[in-house]
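The structure under discussion appears below in the form of structure tokens.
Residue numbers (full-length UniProt numbering): 1 to 457.
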């Protein structure tokens with residue numbers, strides 16, 4: 001009962017404070033394509049229970065957007081006028097998280113429904129001297145909450161009681177136009193949270209929407225703000241950018257807006273310095289293959305993606321160390337350690353991921369050696385598949401590894417007797433070079449014409 005009275009008083013005072021606010025567009029059930037059958041049963045339970053307890057509650061954000069676009073939402077979020085503590089009283093399966101803005105997570109087995117209290121107009125927010133939003137636990141009304149969200153297309157509210165969609169910010173017009181538009185002054189919003197620039201690129205790439213000029217133009221001047229974002233947060237954002245089926249388009253947009261260099265400074269420097277197309281071709285093919293695997297519901301891992309993106313700095317360092325007489329394996333190990341230690345200053349990597357990255361690179365050296373029984377050890381390694389796929393990508397992109405790739409391509413698919421024959425022929429070839437002598441190393445920068453066909457296993 002107390003919750004109902006508190007909710008009612010909050011709405012009364014909010015109406016008095018926002019008398020001059022514009023009326024929202026209400027899209028009735030007959031004029032939108034959202035069906036409750038496409039909404040998570042658990043999300044509906046949360047909405048109904050909050051309503052029964054006397055609170056306002058709406059589906060909000062990307063879930064509503066995706067339903068309107070005929071897409072299957074990845075998750076469902078709820079916005080309410082109940083405070084996080086009030087939400088927790090309604091749901092025993094609730095846990096409160098967050099410091100900058102408190103959220104309620106309601107657990108239904110493996111599904112989590114995120115519930116956020118309406119945010120206020122921002123007058124009580126805490127910001128750093130650069131305008132970065134530090135804390136915004138200021139609660140408000142649905143309308144205030146709508147104007148506090150980042151992009152118009154993420155500021156739509158679905159009301160389960162009336163089956164209607166509520167639009168305070170012109171989101172429906174932007175969805176129909178295929179346009180991504182930020183809410184409020186773009187520079188101020190990017191200063192509040194620089195990750196919004198990455199989100200603009202991500203939503204544009206994912207949905208195929210055009211970023212409005214008012215939203216895109218300030219990105220060029222605000223890109224340096226990315227330096228203030230924590231490296232741990234950028235790892236999560238990197239996974240969202242590149243592991244969901246639109247990696248290549250995302251990469252191209254990040255470079256266009258000058259954002260890529262703040263995520264991968266070593267790679268950007270390598271791309272700017274090289275006078276040949278191999279590094280760009282290699283990255284493009286790697287991202288194409290990643291997108292293809294996502295479309296085929298095949299697994300993709302951050303380690304392989306990072307190994308692809310960071311390959312050019314590693315490859316260049318290996319070549320430089322080789323010219324100084326450092327043995328191949330040691331050169332790879334040193335190059336891998338140096339590149340990873342520099343990269344984690346921008347985007348941190350969990351230890352398991354950095355180990356994946358390093359193993360893929362080190363395996364390139366091991367694959368090139370092909371020494372006796374160690375060949376079978378490589379074949380049985382749980383990293384062989386990823387390492388071989390990486391070698392194939394190098395081959396397809398024009399790196400001078402054709403003979404090595406073709407040998408392994410046949411070897412890993414043939415029977416044991418034929419494998420022994422191949423090793424015998426290889427030993428004979430090595431013996432012809434003389435004991436202790438190495439075959440002449442090819443120039444690591446020599447190029448073939450890239451293959452046009454891209455295959456993925």
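The beta carbon of each residue, even a glycine, is placed where N, CA and C say it ideally should be.
None of these values were measured; they are calculated from a predicted model.
With DSSP as the reference, label residue i as helix, strand or coil.
{"i": "residue 171", "result": "helix"}
{"i": "residue 105", "result": "strand"}
{"i": "residue 400", "result": "coil"}
{"i": "residue 333", "result": "helix"}
{"i": "residue 164", "result": "strand"}
{"i": "residue 151", "result": "strand"}
{"i": "residue 273", "result": "helix"}
{"i": "residue 157", "result": "strand"}
{"i": "residue 387", "result": "helix"}
{"i": "residue 180", "result": "strand"}
{"i": "residue 295", "result": "helix"}
{"i": "residue 394", "result": "helix"}
{"i": "residue 278", "result": "helix"}
{"i": "residue 97", "result": "strand"}
{"i": "residue 48", "result": "helix"}
{"i": "residue 139", "result": "strand"}
{"i": "residue 65", "result": "helix"}
{"i": "residue 265", "result": "helix"}
{"i": "residue 244", "result": "coil"}
{"i": "residue 424", "result": "helix"}
{"i": "residue 285", "result": "helix"}
Report yes if the C-beta distance between residue i and residue j is below 8 Å; otherwise report no.
{"i": "residue 238", "j": "residue 347", "result": "yes"}
{"i": "residue 119", "j": "residue 144", "result": "yes"}
{"i": "residue 184", "j": "residue 223", "result": "no"}
{"i": "residue 367", "j": "residue 313", "result": "no"}
{"i": "residue 59", "j": "residue 84", "result": "no"}
{"i": "residue 309", "j": "residue 264", "result": "yes"}
{"i": "residue 365", "j": "residue 329", "result": "yes"}
{"i": "residue 115", "j": "residue 138", "result": "no"}
{"i": "residue 150", "j": "residue 106", "result": "no"}
{"i": "residue 388", "j": "residue 412", "result": "yes"}
{"i": "residue 383", "j": "residue 363", "result": "yes"}
{"i": "residue 187", "j": "residue 218", "result": "yes"}
{"i": "residue 303", "j": "residue 343", "result": "no"}
{"i": "residue 167", "j": "residue 27", "result": "yes"}
{"i": "residue 212", "j": "residue 180", "result": "yes"}
{"i": "residue 285", "j": "residue 402", "result": "no"}
{"i": "residue 331", "j": "residue 321", "result": "yes"}
{"i": "residue 192", "j": "residue 278", "result": "no"}
{"i": "residue 458", "j": "residue 249", "result": "With the chain running from 1 to 457 in the structure shown, residue 458 is simply not present."}
{"i": "residue 55", "j": "residue 81", "result": "yes"}
{"i": "residue 142", "j": "residue 65", "result": "no"}
{"i": "residue 305", "j": "residue 391", "result": "no"}
{"i": "residue 163", "j": "residue 29", "result": "yes"}
Note the first and the last residue of the continuous beta strand (DSSP E) segment covering residue i.
{"i": "residue 59", "result": "57-60"}
{"i": "residue 114", "result": "111-117"}
{"i": "residue 121", "result": "Unbroken run through residue 121: none, as it is neither H nor E."}
{"i": "residue 467", "result": "In this structure the chain extends from 1 to 457, so residue 467 is not present and cannot be described."}
Given this structure, state the Cα-to-Cα distance separating residue i from residue j, to the nearest angstrom.
{"i": "residue 393", "j": "residue 268", "result": "20 Å"}
{"i": "residue 245", "j": "residue 169", "result": "29 Å"}
{"i": "residue 424", "j": "residue 236", "result": "48 Å"}
{"i": "residue 112", "j": "residue 47", "result": "14 Å"}
{"i": "residue 271", "j": "residue 417", "result": "44 Å"}
{"i": "residue 406", "j": "residue 69", "result": "45 Å"}
{"i": "residue 419", "j": "residue 201", "result": "48 Å"}
{"i": "residue 335", "j": "residue 291", "result": "28 Å"}
{"i": "residue 38", "j": "residue 57", "result": "18 Å"}
{"i": "residue 247", "j": "residue 287", "result": "6 Å"}
{"i": "residue 240", "j": "residue 430", "result": "47 Å"}
{"i": "residue 45", "j": "residue 74", "result": "18 Å"}
{"i": "residue 49", "j": "residue 43", "result": "10 Å"}
{"i": "residue 178", "j": "residue 209", "result": "5 Å"}
{"i": "residue 350", "j": "residue 94", "result": "28 Å"}
{"i": "residue 358", "j": "residue 333", "result": "8 Å"}
{"i": "residue 175", "j": "residue 62", "result": "12 Å"}
{"i": "residue 323", "j": "residue 372", "result": "27 Å"}
Between which two residues does the alpha helix (DSSP H) holding residue i run?
{"i": "residue 187", "result": "186-192"}
{"i": "residue 80", "result": "Premise fails: residue 80 lies in the beta strand (DSSP E), 77-80, not in any alpha helix (DSSP H)."}
{"i": "residue 36", "result": "Element bounds for residue 36: n/a, residue is neither H nor E."}
{"i": "residue 379", "result": "374-380"}
{"i": "residue 83", "result": "Neither: residue 83 is in no alpha helix (DSSP H) and is coded neither H nor E."}
{"i": "residue 414", "result": "Residue 414 -> no alpha helix (DSSP H), and no H or E assigned at all."}
{"i": "residue 256", "result": "247-256"}
{"i": "residue 365", "result": "351-369"}
Could you check whether the Cβ of residue i sits closer than 7 Å to any heavy atom belonging to the ligand HEM?
{"i": "residue 351", "result": "Absent from the structure shown: the ligand HEM. Ligands present: none."}
Ignoring anything shorter than 4 residues or poking outside the stretch 300-327, list the alpha helix (DSSP H) runs there in chain order. As far as the stretch 300-327 is concerned, its whole alpha helix (DSSP H) runs of at least 4 residues are 302-309 and 311-323.
Where in the stretch 193-232 do unbroken runs of the alpha helix (DSSP H), each at least 4 residues long, occur, reported from the N-terminal end onward? Within the stretch 193-232, the complete alpha helix (DSSP H) runs of at least 4 residues are 195-207 and 213-222.
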